Each structure stands twice: as C-alpha cells, then as structure tokens.
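Residue numbers (my numbering): 2 to 76.
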C-alpha cells in the first residue's frame, strides 16, 4: 500500500491553490491513500476540493493534535 502525505502550512489558512499543487504531486505518485495535512486549517474552497477528490484532509494547530488524527486514519 502506497500512502502519500503532504503537509501544508499557511496563515490564516491553506488555500485551494496550495492544495491543487499538492494534488498534482499526488496524481503523479498514484497512491492507494492520499493525506493532506493543513496547519492550521483549510479554507472552505480547499476543504471542498480535498473532499471531492478522495483525499483525506487533516487540520490541526500542532503536532500532537495532527499525529493523533493521523494515527486514527492509518489503522
């Protein structure tokens, strides 16, 4: 199983342009599972894009919060 993980960080939120750039890398890798982590969060448009393209989107303020969520989805 190939899992692609990309971490995007922006203030106040990760925008759709950043997510689309990440999506291009995901497509090239052809993973069985793709995860984009947004620190601290996605914009509404970016979140919608992630949801409609079968990408797991995680949002969080800090490493502990993100790692906990990542563990839950990687089981």
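Note that beta-carbon positions come from the ideal geometry of N, C-alpha and C, so glycine has one too. Bear in mind that the values here come from a model prediction, so they are computed numbers and not experimental data.
- Under DSSP, the beta-bridge partners assigned to residue 58 are 37.
- Under a 10 Å Cβ-count criterion, residue 43 is classified as buried, with 16 or more other Cβ atoms of the shown protein chains found around its own Cβ.
- Shown here for residue 7: same chain residues with a beta carbon closer than 6 Å to its own, the five before and five after excluded, namely 23, 37 in chain order.
- The closest CA to that of residue 56, considering only 15, 72, 16, 27, is found on 27.
- The bridge partners DSSP lists for residue 15 are 43.
- In the DSSP assignment, the residues bridged to residue 5 are 35.
- Nearest in C-alpha terms to residue 2, of all of 62, 31, 48, 25, is 31.
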